[in-house]
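Numbering-wise (this note's numbering), the sequence shown opens with residue 114 and increments by one.
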Amino acid sequence: MKSHKYIFLILLFFSTTTFSQNNLSRQEIINIIEKANNYWQSTHITPGNPSWDVSAYHTGNMEAYFITKNEEYLKYSEVWAKQNQWKGAKSNDKSKWKYSYGETDNYVLFGDWQICFQTYIDLYNLSPDSIKIARASEVLEYQMKTPNKDYWWWADGLYMAMPIMTNTKCNYIMTQKLSEKI
114 MKSHKYIFLI
124 LLFFSTTTFS
134 QNNLSRQEII
144 NIIEKANNYW
154 QSTHITPGNP
164 SWDVSAYHTG
174 NMEAYFITKN
184 EEYLKYSEVW
194 AKQNQWKGAK
204 SNDKSKWKYS
214 YGETDNYVLF
224 GDWQICFQTY
234 IDLYNLSPDS
244 IKIARASEVL
254 EYQMKTPNKD
264 YWWWADGLYM
274 AMPIMTNTKC
284 NYIMTQKLSE
294 KI
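Next comes the structure, spelled out in structure tokens:
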């Protein structure tokens, strides 16, 4: 099943780059995006967990929403985020948090469980509610306060975790400033 995820992501990427170079109209490109994304959602009724492979899809799904304005795409990612409690790995015991490779809830600090925050930030920006970015802020604030300098030791971390650091921090600061004014 995971190989289908990779194929879908590759098709979505190439449909927006290669086809645009062949002088397809905006609407023709949107039709291709919708065909691929509608297929994905119709064959994945449950939106999935917050690990990297499903989360990478949701970052693309949100971009598909921004391009097409198809409300079903937005709803699909909202259901996914709520289902996953707006978290990646779910451990709340910071003494057990790990950042090496792992697929359990203790790997909170591992980027594979942080890419979901990109979609949560998109959803927050559309409809601000602090719960949407609370976990991202908690995890990334924790990482910034540690002396560790090797959280991202693999190339995928450049996409999965590092961009979130900037986005979440900015949103966290804005939320704090807004709450101070109220």
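For each residue, glycine too, the CB sits at the ideal point set by N, CA and C.
Cα-Cα separation between residue i and residue j, rounded to whole angstroms
i, j, result
"residue 177", "residue 219", "31 Å"
"residue 165", "residue 229", "7 Å"
"residue 200", "residue 141", "36 Å"
"residue 183", "residue 234", "19 Å"
"residue 264", "residue 163", "19 Å"
"residue 151", "residue 170", "13 Å"
"residue 54", "residue 175", "The structure shown does not extend to residue 54, since the chain is modelled only from 114 through 295, so no value can be given for it."
"residue 149", "residue 136", "19 Å"
"residue 257", "residue 157", "36 Å"
"residue 275", "residue 267", "11 Å"
"residue 259", "residue 185", "40 Å"
"residue 243", "residue 205", "18 Å"
"residue 139", "residue 231", "25 Å"
"residue 168", "residue 261", "25 Å"
Other residues of its chain near residue i: CB distance less than 7 Å, five sequence neighbours each side excluded
i, result
"residue 215", "223"
"residue 192", "160"
"residue 273", "165, 224, 225, 227, 228"
"residue 207", "255"
"residue 143", "180, 181"
"residue 203", "218"
"residue 114", "Note on residue 114: pLDDT 46, under 50, position unreliable in the model; the coordinate value appears next. Around residue 114: no qualifying Cβ."
"residue 278", "253"
"residue 221", "201, 202, 204, 210, 252"
Start-to-end residues for the alpha helix (DSSP H) that takes in residue i
i, result
"residue 155", "139-156"
"residue 252", "244-258"
"residue 231", "229-239"
"residue 270", "270-273"
Beta-carbon contacts of residue i that lie in its chain and below 8 Å, excluding the five residues immediately before and after
i, result
"residue 245", "194, 199, 233, 234, 236, 237"
"residue 247", "199"
"residue 270", "224, 264"
Same chain, Cβ closer than 6 Å to residue i, neighbours up to 5 away in sequence not counted
i, result
"residue 154", "189"
"residue 197", "163"
Chain C within 8 Å of residue i, Cβ atoms only
i, result
"residue 151", "Although the question refers to chain C, the structure presented lacks it and comprises just one protein chain."
Task: the segment 236-247 contacting the segment 201-215, beta-carbon criterion three pairs below 8 Å - done: no
- [ ] With a floor of 4 residues, list each alpha helix (DSSP H) that falls wholly inside the segment 160-193, ordered by position along the chain.
- [x] 165-181
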